[in-house]
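In our numbering, the protein residues as written are 317 to 404.
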């Protein structure tokens, strides 16, 4: 994904929660916490390795999809691309 502007992310790691602006222009969409059905799964992984849940992004931000996932060729790739069933 590519972002036309700097990305604002809600940061809860500090003593007082606030907004942090990230300097990255691209990220990879990931699903995390796949084994925990009651947690959020959709996240972005940035070039520095930081993973941020989509729920931590500021509303109204936009992104452009640069490349869709390739078709899996091995059982491990199939498992890695498996989506989490919606719970709710």
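The beta carbon of each residue, even a glycine, is placed where N, CA and C say it ideally should be.
Identity of the residue in 379, 372, 318 and 346 nearest residue 336 by Cα: Residue 336 sits at position 20 when you count from the first residue of the chain shown. Closest option to residue 336, Cα to Cα, is 372.
What does DSSP give as the partner residues of residue 335 in its beta bridges? One-based indexing of the chain shown puts residue 335 at position 19. Per DSSP, 326.
Three-way DSSP call (helix, strand, coil) for residue 390 in this model: Locating residue 390 in the chain shown gives position 74, counting from the first residue. The answer is coil: DSSP assigns residue 390 none of H, G, I, E or B.
What residues are listed by DSSP as bridge partners for residue 358? As a first step, residue 358 must be located in the chain shown, where it is residue number 42. Partner(s): 347.
Kindly indicate which three-state DSSP category residue 369 falls into: helix, strand or coil? Locating residue 369 in the chain shown gives position 53, counting from the first residue. Residue state, collapsed to three classes: strand.
Taking Cβ to Cβ, would you say residue 379 is nearer than 8 Å to residue 367? Here the question's residue 379 lines up with position 63 in the chain shown. Here the question's residue 367 lines up with position 51 in the chain shown. No, they are not a contact pair.
Whose C-alpha, out of 390, 387, 388 and 383, is nearest the C-alpha of residue 342? For the purposes of this step, residue 342 is taken as the residue at position 26 of the chain shown. It is 383 whose Cα lies nearest to the Cα of residue 342.
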